[in-house]
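Single-structure report; data block below.
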Amino acid sequence: MDKEGRLVCCAGDFQSICIELIQRNPIDSEHCQPFAASLQQSERTLCYHTKFCHSTLLYGWIPLETDGSRLGSLVIGHVFEQLPEKNTVYDYAKKHRIDPEKFWQQMRKIKTASREQVEKAAGFLQFTMQEIVGLASANLKLQEEIDNREKADPGSSEVPAVKDGKTASLANSFTDVAERRRMESILDGEKGFLNDLIKAVPFSIGVKNSKGVFISCNPAYARAAGLSENAIIGATNEEIYSKKLAQKFTREDERVKKTGKSVISELTGIDAAGERKTYRFFKTPFTAFTTGEVGVVSVGVDITENREREQHLQRLKTLLDEAQQIGKVGSYEMDLVSGMSLWSENYYRLFGYEPEEIVDPFDFFRSSIIHKDDLQRYSRLFGTLFRKRKAQAIEYRGVHKNGQILIMQEIATPEIDENGVIKSIYGFIQDITERKKNEEALYQAQKAAEKANKAKSMFLANMSHEIRTPINGLLGNLQLLEGSCGEEEQKGYIDTALRSTRRLHRLLSDILDLSKVEAGKLTINHDSFDIRKSLQAVITFFTAAAEQKGILLRIVIDPEIPETVIGDDYRFQQIVSNLVDNALKFTSEGSITLEAQLLASGNGQDCRILFSVADTGIGISSEAQGRLFHAFVQEQSSNIAHSLGGTGLGLVISRRLTELMGGSMSLISETGEGATFYFALPFRVAESIEVEESRTQKKLSLEGIRILLAEDDDISRTVAVQLLQRAGCKMTSVADGAKAVATLRKDSFDLVVLDVQMPILDGPGAANAIRNGQAGERKKDIPIIALTACAMSGDRKRLLDSGMNGYVEKPVEIESLIREVHRVLEEKR
3 MDKEGRLVCC AGDFQSICIE LIQRNPIDSE HCQPFAASLQ QSERTLCYHT KFCHSTLLYG
63 WIPLETDGSR LGSLVIGHVF EQLPEKNTVY DYAKKHRIDP EKFWQQMRKI KTASREQVEK
123 AAGFLQFTMQ EIVGLASANL KLQEEIDNRE KADPGSSEVP AVKDGKTASL ANSFTDVAER
183 RRMESILDGE KGFLNDLIKA VPFSIGVKNS KGVFISCNPA YARAAGLSEN AIIGATNEEI
243 YSKKLAQKFT REDERVKKTG KSVISELTGI DAAGERKTYR FFKTPFTAFT TGEVGVVSVG
303 VDITENRERE QHLQRLKTLL DEAQQIGKVG SYEMDLVSGM SLWSENYYRL FGYEPEEIVD
363 PFDFFRSSII HKDDLQRYSR LFGTLFRKRK AQAIEYRGVH KNGQILIMQE IATPEIDENG
423 VIKSIYGFIQ DITERKKNEE ALYQAQKAAE KANKAKSMFL ANMSHEIRTP INGLLGNLQL
483 LEGSCGEEEQ KGYIDTALRS TRRLHRLLSD ILDLSKVEAG KLTINHDSFD IRKSLQAVIT
543 FFTAAAEQKG ILLRIVIDPE IPETVIGDDY RFQQIVSNLV DNALKFTSEG SITLEAQLLA
603 SGNGQDCRIL FSVADTGIGI SSEAQGRLFH AFVQEQSSNI AHSLGGTGLG LVISRRLTEL
663 MGGSMSLISE TGEGATFYFA LPFRVAESIE VEESRTQKKL SLEGIRILLA EDDDISRTVA
723 VQLLQRAGCK MTSVADGAKA VATLRKDSFD LVVLDVQMPI LDGPGAANAI RNGQAGERKK
783 DIPIIALTAC AMSGDRKRLL DSGMNGYVEK PVEIESLIRE VHRVLEEKR
């Protein structure tokens, strides 16, 4: 630019765009003129940056002065820190009535660089150009002085002297010649300095005369060409480069000389060192002082690093765009200062549009994309964002170009400047229509599964009740026969029938327990119990069966084990019973040993105990051990196993119960060498008061205890009455819960036993009525025991919550029933 601010020469892409497209717009032209004028007032080199299409535009301003006078200025740039988005450029073009595609193609030509690079280039060029301007000014003055002297004395340097003094003296003539030679020497020195300066420049510089012959080049140019300076000077393009490359360079040179305008080009290829490089060439014309012929000055800049960075950024942009397409995500930015909105390309695609179809994204979004019923709620989002000054999220309906309703999720984030002012809002949207459909389908499937699971639970409860009820009658009558039969042969038959009935009962319990474990609905209770008594109870239960097979049952308990612990006594005995039963099944002779050993006792409140059941049976092969804890799998390695029956559920349930109680189970066995099952369980040691109560608990005699029994099944009712009468109880029985409440209202009893499932009024309903005083205020706290044939998940808690003090599962074992009666009466005392 000259000293008046007028553009003299334009070599950059953006300057051409600015002149050809942008400054034709009156608004932009008015903005540019005062800005250029203000730059003219600057007395120092500056690096400016401004926003254009939401991207940062960089350029350097270099004033050119000599002898205190402003000659003009040099502007480098303009370059982008990062190329703006295509849709932003389109928006700008449409707003300023410029052809969007032409504008976009022009903008793509603009180079990218960092602010640091522009600052360094401006500083270097300021120093270089100031030196060149100073040298050029001095050269011009010297040349002007030489020209003036040649005009005054165009002849020989020897000027004759004339006596009359009409001409200069001989001495003066010699003085003029000396002065001229001194000036030429200074001029040669300045030219040498200028040549040294050009050689030091890191850019490749080559100079060709009007015939295309190199008359000068610097070392950087020679290194890039892979030749020496001497080899280049005096040669032409055709003598240095390949045919194709020489033709390209020659065409560019001729264009520069013909038009008198600069030419910018880029070239990528393998340099002399074998490295892939990209150069940007700036070719400009120059006129020789002496001949007036036009030559070409070529400046080459290595932009390989910039180009690689641009390519890297483009790859990242491509990856981001692909990721947005895959994730159905779009991003945006709203500049609150300029009022312009920027959408990513996939933002447009989400709603079926192309960038050129939408002039003002923000207005179009409010008018055509967001569902009209969600617009007011969406507007409140930004009010909340400005008030809370942090990211906000929202879900709303969007309308696709084809009319389809989409469910969108958006997160908007404010960008706050150093003054605490929100200058822009950026965020992303995601099409979650499919996710919402899947969530709804999952919800419906979950409801259907819960419904099916509920139906399954009800079916199992009903099946449990229907199967346990006849088993209860069978087991009860067999227990009555066992107590009244005197003949040994008949006792043997009764004992066989009892064991078969109990096995059938255990099979039913295993199936129901496995169902509860698989459904995750089996709960572990935490009550105090005596481990020694529990282990002894298991041994006692299996003693008769062991004696019948001639097998010795042994129990070994570590004396360091706490007397009373807190855990689930019922599930603990179930684990031990399953393991002992399994050992009995596969042992024909020898012994079975049940052992308990204290592993660790921490702070006196917790302990871990190792239990083992070892037998001398047929053993288990290593192959079978791998599948032993799978449901319905039994060891099949011997002919004995085929005759023993069973479902294989006992071990599966035992292991899973162990894990539910926080323990682990394993086994050691070899075929023919017996088997040892180990399981370790953690317990809490019971409080001292609980231990004391356990020690001092006294058994009550049931003699004379008055019990009211409500049971709708005639057989079960008869069996329960007779069993309890044999224990010394005085029994009154009714067929439903309503009659039980009415009978209790009239008479006095020590205990009430209620079947859970009864007509008219069931067991929990009757218990609730009693606790509410419907049988009399003084009888509200009478002990109540439930008889249940369901035994499903949550039964115990549900029964206790309804007002029961305890419960016994059907089929009823007389020992269990008597033990529960003792317990609740003791608690009442």
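Just so you know, we're using my numbering here: the sequence shown kicks off at 3 and counts up by one.
Every residue gets a Cβ at the ideal spot worked out from N, C-alpha and C, and that includes glycine.
Every value quoted in this text rests on a predicted model; they were computed, and no experiment measured them.
Could you give the residue range of the beta strand (DSSP E) that holds residue i?
i      : result
Asp529 : 529 to 532
Gln394 : 394 to 401
Asp757 : 753 to 757
Gln776 : Note, Gln776: premise wrong, no beta strand (DSSP E); not H, not E.
Arg629 : Taken as a continuous stretch (DSSP letters only), Arg629 belongs to no beta strand (DSSP E), as it is neither H nor E.
So if DSSP puts residue i in a beta bridge, which residue, or which two residues, is it bridged to?
i      : result
Asp337 : Ser426
Gln599 : Leu612
Gly569 : Asp529
Val296 : Thr289
Ala451 : Per DSSP, none; premise fails for Ala451.
Ser593 : Leu554
Cys219 : Gly208
Leu669 : Phe679
Gly621 : In DSSP, Gly621 forms no bridge with anything.
Ile836 : This structure does not reach residue 836, given that the chain is present from 3 up to 831, and the question cannot be answered.
Met733 : Ile709
Identify which residue in the options has its Cα closest to the Cα of residue i.
i      : options                        : result
Leu848 : Gly730, Ile594, Phe679, Gln607 : Absent from the model: residue 848. The displayed extent of the chain is 3 to 831, so no value can be given.
Glu562 : Ser300, Val423, Gly606         : Gly606
Asp529 : Phe544, Gly569, Ala546         : Gly569
Asn527 : Asp560, Val567, Leu322         : Val567
Ile553 : Ser369, Ala585, Leu659         : Ala585
Gly592 : Ala682, Ala123, Ala548         : Ala548
Met663 : Arg573, Phe751, Ile709         : Arg573
Cys524 : Lys799, Arg831, Pro86          : Rather than Cys, the amino acid found at residue 524 in this sequence is Leu. Nearest of Lys799, Arg831, Pro86 to Leu524, Cα basis: Lys799.
Arg470 : Arg508, Glu491, Thr435         : Arg508
Arg351 : Asp323, Ile64, His373, Thr503  : Asp323
Gly329 : Ile431, Ser668, Ser75, Gly228  : Ile431
If you draw a straight line from the C-alpha of residue i to the C-alpha of residue j, how long is it?
i      : j      : result
Gly429 : Gly332 : 9 Å
Asp608 : Arg686 : 4 Å
Leu477 : Tyr445 : 46 Å
Tyr243 : Lys250 : 10 Å
Ala233 : Val120 : 34 Å
Thr293 : Phe283 : 26 Å
Ala454 : Ser517 : 14 Å
Asp1   : Asn580 : No answer is possible for residue 1: it lies beyond the span of the chain, which begins at 3 and ends at 831.
Gly271 : Thr280 : 7 Å
Ala170 : Ser187 : Confidence at Ala170 is low in this model, with a pLDDT of 43, below 50, so its placement is unreliable and no value can be given for it.
Ser818 : Leu802 : 18 Å
Asp198 : Cys219 : 11 Å
Lys213 : Trp345 : 53 Å
Ala222 : Phe216 : 15 Å
Thr306 : Gln108 : 22 Å
Ile762 : Ser502 : 35 Å
Cys55  : Leu318 : 20 Å
In its own chain, which residues sit with a C-beta less than 6 Å from the C-beta of residue i, not counting the 5 before and 5 after it?
i      : result
Met760 : Asp714, Asp738, Gly739
Phe767 : Reading the sequence as shown, one finds Gly at residue 767 and not Phe. Closer than 6 Å at the Cβ level, and outside the excluded window around Gly767, lie Gly739.
Glu268 : Arg282
Phe531 : Asp571
Take residue i and list the residues in its own chain whose beta-carbon comes closer than 8 Å to its own, dropping the five residues that flank it on each side.
i      : result
Lys165 : Because the pLDDT at Lys165 is just 43, under 50, the model does not fix this residue reliably, and the value given afterwards should be weighed accordingly. So the list is empty, once near-sequence residues are dropped.
Gln538 : Ile557
Arg534 : Ile559, Ile563, Glu565
Following the continuous alpha helix (DSSP H) through residue i, name the residue where it begins and the one where it ends.
i      : result
Glu241 : 239 to 242
Gln411 : Gln411 -> not in any alpha helix (DSSP H); beta strand (DSSP E) instead, spanning 407 to 418.
Ile816 : 816 to 830
Thr306 : 306 to 329
Glu254 : 245 to 261
Glu489 : Careful: Glu489 lies outside any alpha helix (DSSP H) and carries neither H nor E.
Leu725 : 716 to 728
Is it the case that the CB of residue i approaches a heavy atom of the ligand ZN more closely than 7 Å?
i      : result
Arg686 : With respect to the ligand ZN, the structure offers nothing, as it holds no ligand at all.
Between which residues of its own chain and residue i is the CB-CB distance below 7 Å, once the five residues before and five after are set aside?
i      : result
Leu653 : Asn580, Asn584, Leu630, Phe631
Val582 : Val540, Phe544, Ile594, Leu596, Val615
Ala248 : Asn239, Glu240
Ala123 : Gly62, Ile78
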